[in-house]
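> This is the structure I want to talk about, given as structure tokens.
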Amino acid sequence: MIDPKLLRQASDEVARNFARRGFTFDADGYRALEERRKSLQIETERLQAERNASAKGIGKAKAEGVDIGPLLAAVRSMGDRLDAAEAGLNDVQSALEDIELGLPNLLAPDVPEGKDDTANVEVRRWGEPASFEFPVRDHIELGEGLGLLDFDSAAKISGARFVVMSGGLARLQRALIQFMLDTHTGEHGYEEAYVPYLVHAPALIGTGQLPKFGADLFRTDSESPFYLVPTAEVPLTNLARDTIFDAADLPRRYTAHTPCFRSEAGSYGQDTRGMIRQHQFEKVELVHLVHAAESIRALEDLTSHAEVILQRLGLPYRVVALCAGDIGFSAAKTYDLEVWLPGQRRYREISSCSNCTDFQARRMKARVRNADTGKPELIHTLNGSGVAAGRALIAVVENYQQADGSIQVPEVLRPYMGGDSVITRRSVAVQEQL
RNA sequence: GGAGAGAUGGCUGAGUGGUCGAAAGCGGCGGUUUGCUAAACCGUUGUACAGUGUAAAGCUGUACCGAGGGUUCGAAUCCCUCUCUCUCCGCCA
7 MIDPKLLRQA SDEVARNFAR RGFTFDADGY RALEERRKSL QIETERLQAE
57 RNASAKGIGK AKAEGVDIGP LLAAVRSMGD RLDAAEAGLN DVQSALEDIE
107 LGLPNLLAPD VPEGKDDTAN VEVRRWGEPA SFEFPVRDHI ELGEGLGLLD
157 FDSAAKISGA RFVVMSGGLA RLQRALIQFM LDTHTGEHGY EEAYVPYLVH
207 APALIGTGQL PKFGADLFRT DSESPFYLVP TAEVPLTNLA RDTIFDAADL
257 PRRYTAHTPC FRSEAGSYGQ DTRGMIRQHQ FEKVELVHLV HAAESIRALE
307 DLTSHAEVIL QRLGLPYRVV ALCAGDIGFS AAKTYDLEVW LPGQRRYREI
357 SSCSNCTDFQ ARRMKARVRN ADTGKPELIH TLNGSGVAAG RALIAVVENY
407 QQADGSIQVP EVLRPYMGGD SVITRRSVAV QEQL
């Protein structure tokens, strides 16, 4: 949600900012509704004050033993007028709220212009895509070749867009997650959190997935439904809900590993092969809660923390500044990290790091007490993948493939892989041991 | 799953229809006293919205005592529904 005062006073300016995203905002319609709200609110509060004064008078008269009959008669007709005024005000206020919850965040001034991802701007590159002296295979060929990646079984169990991994690959994913969490907690100042994977609607409204993007979410059909988290951003950021932090409490950095569940409605036909786009994937998430003045800097920090992971894994990547038309609903500014996938001969998104400014904070009433004035102010929230484990696994498999179809284990992951330096087909000997 | 008890301001906790945004204590902030610290004493101390104000301050009003609805001229207080917490029993990773 953006500042209602700003919507009121500078609605044309806001509309121009939205237009950069390709989002149309009816500024005149909003202003008209806002005018109605104002007059209804003044009228309602006036009637309430009147009623309160009368009630107080009646109380006093009764205490003094005066006959309250005439006073009651005088007040009786007020009820209907007050009810009507309150109902009218409620209608207008919820109409305004519906509009406000559907408006995206304001773009930061330095967000590049553009309609879609083709207009995104490369900021920097790290590493050189390796050249292979044998025919390059993609993660599907490699994983299935090793007998460790099984889409057929997953389809039997759950249908399309799921995967079963086993042996070294299953462990590789766990190793990646452990490595990422250890790095962020040990070196980047994050606090590790374990959080619910099922959340209720208000949490998703807080981060911006609802009310507009419910179709992207899985929902239980229990009486009061739960939603499966599409990202740990939802529970982690909602830790700040309805909180007024002391100035010294910020900044806070949280990290969590969770599975992520996405319905991928509307992405039929995209990335149907392999495990690039799944209904369920693992991710390590990074969330910052900061003072408003620090969020611009914090986005650079957060992005660099995700980059460290790719650097330590030796995976070539580039950083891309998303353009106005490609940026997410809640974000003012976003950097994507795109990792090199030899199997596709292109860079693919592996992390998305966003400054959500006060957009989510306003929705979830996350505030901090100003050290000088003592007044509560909205905090700024940021989130980013640090990084998506499923896609990191694909990147490791494809970038570390060897001529015989085995996968070399990146140095930093070996401690998490029981010292193994290579992933091979599960050996018969091991199976017999079991 | 069964039975019971609760939910009040930063915290503890009083308040069972009117003068209650809410006693008291603790904590916080400001001050007095004081070699320093501590203690003592005095004052102050919620959030949001609206109106007024050039703005800050201030002033005025409205709402908020877990959430939503109801009764009433008037609800923290009475009624209904829901959520959460605690205790006991059962079951269970």
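In our numbering, the protein residues as written are 7 to 440.
Beta carbons are placed, not taken as given, at the ideal position from N, Cα and C, and that holds for glycine.
Considering Thr-50, what are the terminal residues of the alpha helix (DSSP H) in which it resides?
33-69
> For the alpha helix (DSSP H) that Ile-211 lies in, which residues bound it at each end?
Ile-211: member of the alpha helix (DSSP H) spanning 207-213, first to last residue.
> Just to confirm before moving on: does the CB-CB distance between Gly-392 and His-263 stay below 7 Å?
no
> So, for Leu-384: in the same chain, excluding its five sequence neighbours on each side, which residues have a beta-carbon less than 6 Å away from its beta-carbon?
Listed in chain order, the non-local C-beta contacts of Leu-384 below 6 Å within the same chain comprise Asp-364, Ala-367, Arg-368 and Arg-373, local neighbours out to five positions each way being set aside.
> State the Cα-Cα distance for the pair Asp-307 and Pro-348, rounded to the nearest angstrom.
28 Å
> Quick check on Asn-405: buried or exposed, where buried means 16 or more other Cβ atoms within 10 Å of its Cβ?
buried
> Let me confirm a value: Ala-312 is counted as buried when at least 16 other C-beta atoms fall within 10 Å, else exposed. Which label applies?
buried
> CB Ile-356 to CB His-145, shorter than 7 Å?
no
> Let me know if Ser-360 comes out buried or exposed under the rule of 16 or more other beta-carbons within 10 Å of its beta-carbon.
buried
> Do you know whose CA, among Phe-224, Glu-193, His-194 and Gly-195, lies nearest Ala-207's CA?
Phe-224
> If you reduce the DSSP assignment to three classes, tell me which class Asp-332 lands in.
Correct three-state label for Asp-332: coil.
> Note down the Cα distance separating Gly-331 from Lys-339, rounded to an integer number of angstroms.
11 Å
> Across which residues does DSSP place Leu-155 in a beta bridge pair?
Met-171
> How would you write the range of the beta strand (DSSP E) that Gln-286 sits in, first residue to last?
286-296
> Which residues share a DSSP beta bridge with Ala-327?
Its beta-bridge partners are Val-127 and Tyr-341.
> Does the distance from the C-beta atom of Pro-265 to that of Glu-291 stay below 7 Å?
no
> Who are the Cβ neighbours of Asn-5 in its own chain at under 7 Å, not counting the five residues just before and after it?
This structure does not reach residue 5, given that the chain is present from 7 up to 440, and the question cannot be answered.
> Got a sec? Which residues, its chain only, sit under 7 Å from Thr-237 by beta carbon, not counting five neighbours each side?
Cys-266, Lys-289 and Glu-291
> What separation, rounded to the nearest whole angstrom, lies between the Cα atoms of Asp-410 and Arg-432?
14 Å
> Just to confirm the assignment, what range does the alpha helix (DSSP H) spanning Pro-382 have?
Run containing Pro-382: none in the alpha helix (DSSP H); it sits in the beta strand (DSSP E), 382-384.
> May I ask which residues mark the beginning and end of the alpha helix (DSSP H) holding His-311?
Note, His-311: alpha helix (DSSP H), 301-318.
> Taking Cβ to Cβ, would you say Val-98 is nearer than 7 Å to Arg-14?
no
> Am I right that Arg-259 and Glu-197 are in contact with their C-beta atoms under 8 Å? What's the rounded C-beta distance?
7 Å
> Go ahead and label Tyr-233 buried or exposed: buried means 16 or more other beta carbons lie within 10 angstroms of its beta carbon, across all protein chains shown.
So Tyr-233 counts as buried.
> Is Gly-149 closer than 7 Å to Ile-429 when the C-beta atoms are compared?
no
> Taking DSSP's pairing of strands, which residues face Asn-389 in a bridge?
Val-293 and Ser-360
> Are Phe-335 and Gly-214 close, meaning C-beta to C-beta below 7 Å?
In contact: Phe-335 and Gly-214 (Cβ atoms closer than 7 Å).
> What's the gap between the Cα of Leu-440 and the Cα of Arg-130?
The predicted model places Leu-440 with a pLDDT of 49, which falls under 50 and marks its position as unreliable; any figure quoted below should be read in that light. Their backbone Cα atoms lie some 49 Å apart in a straight line.
> For a minimum of 3 consecutive residues, which ranges assigned as the beta strand (DSSP E) are wholly contained in the stretch 245-270?
249-251 and 258-267
> Nearest to Arg-87 by alpha carbon, out of Glu-56, Gln-317, Asn-111 and Leu-102?
Glu-56
> Which term fits Gly-153, buried or exposed, when burial requires 16 or more other beta carbons within 10 angstroms of its beta carbon?
By the beta-carbon neighbour count (other beta carbons within 10 angstroms, threshold 16), Gly-153 is exposed.
> Where does Leu-347 sit, in a helix, a strand or coil, going by DSSP?
strand
> Consult DSSP for Asp-18 and reduce its assignment to one of helix, strand or coil.
helix
> Would you grab the beta carbon distance between Phe-29 and Pro-118 for me? Rounded to a whole angstrom, and I think it's under 8 Å.
Not really, about 16 Å apart at Cβ, beyond 8 Å.
> Of the residues Glu-106, Glu-193, Glu-103 and Ala-69, which one's Cα is nearest the Cα of Ser-310?
With distances taken between Cα atoms, Ser-310 lies closest to Glu-193.
> Taking all protein chains shown into account, do 16 or more other C-beta atoms lie within 10 angstroms of the C-beta of Gly-396, making it buried, or fewer, making it exposed?
buried
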